[in-house]
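Numbering (this note's numbering), first residue to last: 269 to 333.
This is the structure:
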């Protein structure tokens, strides 16, 4: 038979148990090429460069009117 709790845990105790489950904010740095914010160790979403090389092909803004 599985274990069954004998008493109800309070909301404070529940929160203490879940305190490490919060959303983590990524490390945001400035792109050396275009100076836009990007995540560290990721290619820049604006210009597509990573470590001075073109890593991702980035499309320009669409002008469909």
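Glycine included, C-beta positions come from ideal geometry on N, C-alpha and C. Please read all numbers here as calculations on a predicted model, not as lab measurements.
ask   = In this structure, does DSSP put residue 301 in helix, strand or coil?
value = coil
query = Helix, strand or coil: which one does DSSP assign to residue 285?
reply = helix
inquiry  = When you compare the CB positions of residue 308 and residue 293, do they come within less than 9 Å of one another, or not?
reply    = no
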